[in-house]
Amino acid sequence: MRRLVTDTLVIAERNLVRLPRAPELLVAFTVQPIMFVLLFRYVFGGAISTPGFSYADFLIPGIIVQNIAFGGFVTALGLNEDLHKGLIDRFRSLPMARAAVLAGRTLSDVVTNALSATILVITGLIIGFSFHTNVPHVLAGAALLLLFGYAFSWVFAFLGMLVKSAEAANSVGFIAVFPLTFISSAFVPVHSMPAVLRDFAEVNPFTITVNAMRSLWLGAPAGDNVWGAFVWALVIVAIFAPLAVARYRRAAGQ
Amino acid sequence: MRAVPSSPESPSGAAVSVKGLVKSYGSVRALVGVDLEVAPGTVLGLLGPNGAGKTTIIRILTTLLRPDAGTAEVAGLDVVRDAATLRERIGLAGQYAAVDENLTGLENLTMVGRLYGETRAVAKRRGNELLERFDLLDAAGRAAKTYSGGMRRRLDLAAALVAKPPVLFLDEPTTGLDPRSRLQLWETIEGLVAEGTTVLLTTQYLDEADRLATEIAVIDHGRVLAGGTPDELKDRVGGERLEIRLDDASYAQRAVSALSPLCDEPPTVTGDLVTVGVRARGGAIVDAVRRLDEAQVGVEDIALRRPTLDDVFLALTGHAAESDDEREEAAA
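Residue numbers (this note's numbering), protein chains in the order written: chain A, 1 to 254; chain B, 1001 to 1332.
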């Protein structure tokens, strides 16, 4: 167990140290979300009616949740690269904890996710977003965000082990996750959607998580959303972590 | 070498002992019953074309892959049952130079050291030692992606040596390297063996096997076709041959009768070239020249030629060593 912790930290450190040296990834996780915030706020924002909130307030929790879900992409790409460049073989020939490669990978995502969420909050504050609740609620929201991002890191870990190339990970991830984030309350109120989409949007974990964030950061009526969001995140981890680990064992054993 | 708990041998005394190893990928039979023995402190070269099963053997012996049947022991430990302990006693350097390109040389080695359970300080010290030994100290602080192919391969080998393993596995260590880097790597491997490391290496280069291997196992289609020292293998395709080029091809018959007492099989004649399989190397040339002179046969050129591993390979497999067969790669 002690080995699992130290090995996980070694791998996480390795992933973080190499990040600034692959600047294209850093750009994807910093500049791109800022661009999205500005586009939505100033291009679409004027046309979207969000009763009870300014669009800046409405948008920031939504776009942060979307962004943090995609944070796991680093894991999918990184694992895929490690697999094909023989690093996974090296790790597996070492007397290290078996689960540490995946655990270290997803752990380092938490750090990068925290970084990009911070950048987004600051961008939000500049364009008119503000917190309407107290500090414990804001921190609870931050914790939910990181947990949700962590859950999606496992989804992407599974994906990264599943596909043949980094390009495939990119397109499959994009096609699978991008629509999910849009058919939700992240960018528009769900009642503005056609009935079929609205039904889906209302049960979409993205909607539940975004609503929970609005409740924790803006004081919107929560319903069961806050508990629901935490439960969803844990369920996603419970499903995808074992899938990813099983896939890791298989993929590496060939 | 670090004091490794002292049971690096199986009951038979071998550093690596493999019996009846079988492995299939789906319907592709990669190994169909392989037996191998490597004595401590020696080098076994697995020689064979791509797809012969060499890499599969290495992957099983380094615990990356489970065999379907058969047993394998490395340093006295079973590769399946004692896999976790075994990983502390082996080093693996592969054909793809598995280093993290975005980490520096020192960071790569430090990471590996820490994954062996060393503290950061110890791992770093060991990393610096290895970088110095492998002539990479100047590049210690540079990302590995800026390294040349040879430097990368040396870094990969250094990573395999972090824990001073008594048994080292090298999967095509010099494939794709330029001649100079190749020679450097050979010298490094010879140095490790001189210090007592047991090495099992795969190669498709005959000169590499000839130079490095104490013993060679010729592998093709998932089985060992022949094994022995390079000399034994060469002797199997016939001993040394005397090649005599005559001044005048019409004297060939006279040359053959003059040389017959030297050999068991009758000499063969191709144009003006007479080939004689000699029984003993010593004195063969002098003896032949004297007999030809007595028979008044003019000689343009005379040379004693050993069969090469190329001849061995051709004789054993029916095809040359570097022919491509992507069977294993496609399945892996």
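Quick reminder that beta carbons are idealized off the backbone N, C-alpha and C, glycines included. Every value quoted in this text rests on a predicted model; they were computed, and no experiment measured them.
Expressed to the nearest angstrom, what Euclidean distance is found between the alpha-carbon atoms of residue i and residue j?
i: Ala1123(B); j: Val1162(B); result: 8 Å
i: Thr1042(B); j: Gly1238(B); result: 26 Å
i: Gly141(A); j: Arg1154(B); result: 49 Å
i: Ala1030(B); j: Glu1208(B); result: 24 Å
i: Glu1328(B); j: Asn1050(B); result: In this prediction, Glu1328(B) scores a pLDDT of 40, lower than 50, which makes its location untrustworthy; no coordinate-derived value is stated.
i: Thr181(A); j: Leu1137(B); result: 49 Å
i: Arg1142(B); j: Thr1104(B); result: 5 Å
i: Leu159(A); j: Ile88(A); result: 16 Å
i: Pro33(A); j: Val1074(B); result: 52 Å
i: Gly71(A); j: Ser153(A); result: 7 Å
i: Glu1289(B); j: Asp1078(B); result: Looking at the sequence provided, one finds Val at residue 1289(B) rather than Glu. Distance between the alpha carbons of Val1289(B) and Asp1078(B) is about 58 Å.
i: Leu1206(B); j: Glu1172(B); result: 12 Å
i: Arg249(A); j: Thr118(A); result: 35 Å
i: Ala151(A); j: Ser54(A); result: 30 Å
i: Ala1331(B); j: Asp1287(B); result: With a pLDDT of only 41 at Ala1331(B), under the threshold of 50, the placement of this residue in the model should not be trusted; the figure read from the coordinates follows. When rounded, the distance between both Cα atoms is 55 Å.
i: Pro1230(B); j: Arg92(A); result: 33 Å
i: Val1297(B); j: Arg1306(B); result: 24 Å
i: Thr106(A); j: Gly1150(B); result: 33 Å
i: Ala195(A); j: Ala186(A); result: 17 Å
i: Ser1250(B); j: Thr1317(B); result: 36 Å
i: Leu16(A); j: Gly104(A); result: 10 Å
i: Asp1247(B); j: Val1278(B); result: 21 Å
Which same chain residues, not among the five before or five after residue i, have their C-beta less than 6 Å away from its C-beta?
i: Thr209(A); result: Val65, Phe148 and Ala229
i: Ile1219(B); result: Leu1046, Gly1048, Ala1052, Gly1053 and Lys1054
i: Asp57(A); result: Phe129 and Leu218
i: Thr123(A); result: Ile34 and Val37
i: Leu243(A); result: Phe158
Give a yes or no on whether the minimum CB-CB distance between residue i and chain B is below 9 Å.
i: Arg198(A); result: no
i: Val10(A); result: yes
i: Phe91(A); result: yes
i: Met161(A); result: no
i: Met193(A); result: no
i: Met96(A); result: yes
i: Thr106(A); result: no
i: Asp7(A); result: yes
i: Arg3(A); result: yes
Could you tell me which chain B residues have their CB closer than 7 Å to the CB of residue i, listed as they occur along the chain?
i: Pro33(A); result: Result: empty, since nearest Cβ-Cβ is about 23 Å, beyond 7 Å.
Within its chain, find whatever has a CB closer than 7 Å to the CB of residue i; leave out the 5 residues flanking it on each side and keep chain order.
i: Val1269(B); result: Ala1252 and Val1256
i: Asn225(A); result: Ile208, Asn211, Ala212 and Ser215
i: Asn1108(B); result: Val1099, Asp1100, Ala1144, Leu1155 and Ala1159
i: Asn113(A); result: Ile68, Gly71, Leu146 and Gly149
i: Glu1129(B); result: none
Under 9 Å between C-beta atoms, does residue i make it to chain A?
i: Val1016(B); result: no
i: Met1111(B); result: yes
i: Gly1117(B); result: yes
i: Arg1114(B); result: yes
i: Ile1189(B); result: no
i: Ile1090(B); result: yes
i: Glu1107(B); result: yes
i: Ala1159(B); result: yes
i: Thr1085(B); result: yes
i: Arg1059(B); result: yes
i: Gly1238(B); result: no
i: Gly1020(B); result: no
i: Glu1329(B); result: For Glu1329(B), the predicted structure reports a pLDDT of 41, less than 50, and the residue's modelled location is therefore unreliable. A value from the coordinates is still provided. It does not; no Cβ of chain A falls within 9 Å.
Near residue i, which residues of its chain fall below 8 Å by C-beta distance, leaving aside the five closest residues on each side in sequence?
i: Arg1120(B); result: Thr1110 and Arg1114
i: Leu25(A); result: Leu19, Val74 and Leu77
i: Gly1013(B); result: Ala1039 and Pro1040
i: Phe240(A); result: Ala151, Trp154, Val155, Ala157 and Phe158
i: Asn1102(B); result: Ala1143, Ala1144 and Lys1145
Give me the chain A residues within the contact set of residue i, using Cβ-Cβ distance strictly less than 7 Å, ordered along the chain.
i: Leu1103(B); result: Arg14, Val17 and Arg18
i: Thr1062(B); result: Ser93
i: Asp1100(B); result: Arg14, Arg18 and Leu87
i: Gly1094(B); result: Gly86 and Asp89
For residue i, which residues in chain A fall below 9 Å Cβ to Cβ?
i: Arg1142(B); result: Neighbours of Arg1142(B) on chain A: none; closest Cβ ~11 Å, over 9 Å.
If we define contact as Cβ-Cβ less than 9 Å, is residue i a contact residue for chain D?
i: Arg21(A); result: Absent from the structure is chain D; the protein chains it does hold are A and B.
Report task. Assess, as a yes-or-no matter, whether the region 1208-1220 of chain B is touched by the region 1260-1278 of chain B under the definition of 3 or more beta carbon pairs within less than 8 Å. Result -> no
Review point. Do three or more CB pairs link the region 1214-1228 of chain B to the region 1058-1068 of chain B at distances below 8 Å?
Key: no
- request: Report yes or no: do three or more beta-carbon pairs, one from the region 69-83 of chain A and one from the region 42-55 of chain A, lie closer than 8 Å?
  value: no
- Query: Are at least three pairs of beta-carbons, each pair with one atom in the region 1097-1106 of chain B and one in the region 1050-1065 of chain B, less than 8 Å apart?
  - Reply: no
(message) Closer than 8 Å is the cut-off here; do at least three beta carbon pairs connect the region 124-139 of chain A with the region 1016-1024 of chain B?
(response) no
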